[in-house]
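Asks: Sharing a structure with you now.
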Amino acid sequence: DAGVTQSPTHLIKTRGQQVTLRCSPKSGHDTVSWYQQALGQGPQFIFQYYEEEERQRGNFPDRFSGHQFPNYSSELNVNALLLGDSALYLCASSYQGGYGYTFGSGTRLTVV
Amino acid sequence: AQSVTQLGSHVSVSEGALVLLRCNYSSSVPPYLFWYVQYPNQGLQLLLKYTSAATLVKGINGFEAEFKKSETSFHLTKPSAHMSDAAEYFCAVILSGGYNKLIFGAGTRLAVHP
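And the structure:
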């Protein structure tokens with residue numbers, strides 16, 4: 002039974018570029034949440050997708066956007082990258098927005 | 005407003021010693037509470053959760069936590085530390101009325117020395 006799969010595992014981008022991160026939820030899960038974990042800090046909630054709609058959003062600028070596909074997989078897009086966007090991006094899936102989260106191993110984004 | 009506070013960004017214990025990681029929450033309504041562990045270059049693994057059932061919660065790897073409403077605390081303990089327990093530990097809460105959004109503390113890095 003596959004857990005949450007995130008790709009790529011590592012990524013290096015230049016300031017001003019755009020990036021897309023991908024997440025496949027655990028089998029049977031239909032809700033995807035994204036978190037940003039800066040170095041030495043706890044994860045911060047970015048947004049949550051359920052039924053292909055953004056259901057809740059954290060305190061992140063509009064440069065951060067997302068999408069959920071009919072197969073429940075999700076993408077996180079970040080435009081106009083800043084150095085401060087360097088972080089580990091975690092995807093977590095759950096069933097019908099419940100609190101039984103399963104986390105992926107994350108994508109390490111480095112902006113230079 | 006800070007919803008969850010972890011006291012001590014670094015904790016160091018000897019192998020075999022008691023592990024105590026502190027977590028306090030700020031909420032007038034008892035929230036759902038969680039402890040997660042993160043090993044280097046990995047995601048988060050759930051250790052245990054409190055969801056308004058028994059106040060003493062047992063988790064994986066010998067960890068347990070006690071919910072104390074009067075102290076607004078949910079401290080994590082393990083009677084005897086093992087070298088493999090060295091990792092980052094995060095306390096998290098889910099507040100009512102928020103689509104079950106997890107709010108994390110800043111984390112506590114646990115070091116275990118021989």
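So the protein sequences, as listed, match chains A and B. The opening position of the first sequence corresponds to residue 2 in our numbering, with each subsequent residue numbered one higher. The opening position of the second sequence corresponds to residue 5 in our numbering, with each subsequent residue numbered one higher. Cβ coordinates follow ideal geometry from the N, Cα and C atoms, glycine included.
1) Report the residues of the stretch 85-101 of chain A with a CB closer than 8 Å to any CB of chain B, ordered along the chain.
2) Say yes only if the C-beta of Phe46 (chain A) is nearer than 8 Å to one or more non-hydrogen atoms of the ligand HEM, and no if none qualify.
3) Beta-carbon of Thr59 (chain B) versus every beta-carbon of chain A: anything under 9 Å?
4) Are the C-beta atoms of Phe94 (chain B) and some chain A residue less than 9 Å apart?
5) Cβ of Thr103 (chain A) within 9 Å of Cβ of Gly4 (chain A)?
6) Buried or exposed for Gly41 (chain A), going by 16 or more other Cβ atoms inside 10 Å?
7) Helix, strand or coil for Gly4 (chain B) per DSSP?
8) What residues are listed by DSSP as bridge partners for Lys53 (chain B)?
9) Taking Cβ positions, are Leu22 (chain A) and Gln7 (chain A) nearer each other than 9 Å?
10) Go ahead and pull the three-state DSSP assignment for Leu106 (chain B).
11) Using 8 Å as the threshold, is the stretch 72-87 of chain B in touch with the stretch 30-38 of chain B, meaning 3 or more CB pairs across them?
12) Is there a Cβ of chain A sitting closer than 9 Å to that of Leu80 (chain B), yes or no?
13) Answer with yes or no whether the minimum CB distance from Lys3 (chain B) to chain A is below 9 Å.
Replies: The answer reads as follows:
1) Among the residues of the stretch 85-101 of chain A, those with a Cβ less than 8 Å away from any Cβ of chain B are Leu91, Ala93, Ser95, Gly98, Gly99 and Tyr100, in the order of the chain.
2) Among the components modelled here there is no ligand, and therefore nothing to report on the ligand HEM.
3) Chain A, which has no Cβ nearer than 9 Å to the Cβ of Thr59 (chain B), makes this no.
4) For Phe94 (chain B), the answer is yes, since a Cβ of chain A falls inside 9 Å of its Cβ.
5) Cβ distance < 9 Å, so Thr103 (chain A) and Gly4 (chain A) count as in contact.
6) In summary, Gly41 (chain A) is exposed, with fewer than 16 beta-carbon neighbours lying within 10 Å of its beta-carbon over all protein chains present.
7) Lying outside 5 to 118, the shown extent of chain B, residue 4 (chain B) is not represented and no answer is given.
8) Here Lys53 (chain B) is bridged, per DSSP, to B:Phe38.
9) Yes, they are a contact pair.
10) Reduced to three states, the DSSP call for Leu106 (chain B) is strand.
11) With the rule of 3 Cβ pairs closer than 8 Å, the stretch 72-87 of chain B counts as touching the stretch 30-38 of chain B.
12) Using a Cβ-Cβ cut-off of 9 Å, Leu80 (chain B) does not count as an interface residue toward chain A, since no Cβ of chain A sits closer than that to its own.
13) Any answer about residue 3 (chain B) is impossible in this case: the structure gives chain B only from 5 up to 118.
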